[in-house]
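What follows is a single structure, written as structure tokens, with notes after it.
Numbering (the numbering used here), first residue to last: 10 to 117.
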């Protein structure tokens with residue numbers, strides 16, 4: 010993708026991916042799902058997960074899988090509210106960009 014993905018958009022994408030599973034999901038799976046959407050490295054996503062957890066948008070817990078602990082991330086109520094805000098703002102923003110690309114003038 011030739012467009013840069015800013016921090017807010019990356020946060021929104023990660024929250025959307027995590028919200029897709031009621032019981033939460035683990036970091037590697039989050040990384041693979043996000044990478045299907047945008048070109049981003051694993052080393053970029055783990056700081057995003059930590060920041061979202063610090064901001065109380067995600068909670069973490071460990072689960073034993075095949076004798077090893079796997080860290081899971083689950084969206085919180087605050088994270089769900091933030092995701093809804095991102096969705097609203099994205100719809101507003103994307104409509105404006107689409108209108109500009111289609112040659113329409115936007116006022117207000």
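Heads up, the beta-carbon is just placed ideally off N, CA and C, and yes, glycines get one too. Because the structure is a prediction, the values reported are computed rather than measured.
Take residue 65 and list the residues in its own chain whose beta-carbon comes closer than 7 Å to its own, dropping the five residues that flank it on each side. Setting aside the 5 residues that flank it on each side, residue 65 is surrounded in the same chain by 85 and 87, each with a C-beta closer than 7 Å to its C-beta; the list follows chain order.
Straight-line Cα distance separating residue 83 from residue 33: 4 Å
Hey, out of 104, 25 and 76, whose CA is closest to residue 94's CA? 25
Between which two residues does the beta strand (DSSP E) holding residue 68 run? 67-74
Alpha-carbon spacing of residue 31 relative to residue 105, whole angstroms: Answer to the nearest angstrom: the Cα atoms are 33 Å apart.
Are the CB atoms of residue 23 and residue 57 nearer to each other than 7 Å? yes
Local conformation of residue 93 per DSSP, three classes: helix
Using a threshold of 7 Å, state whether the C-beta atoms of residue 70 and residue 81 are closer than that. yes
When we look at the beta-carbon of residue 107 and count the other beta-carbons within 10 Å, is it buried (16 or more) or exposed? exposed
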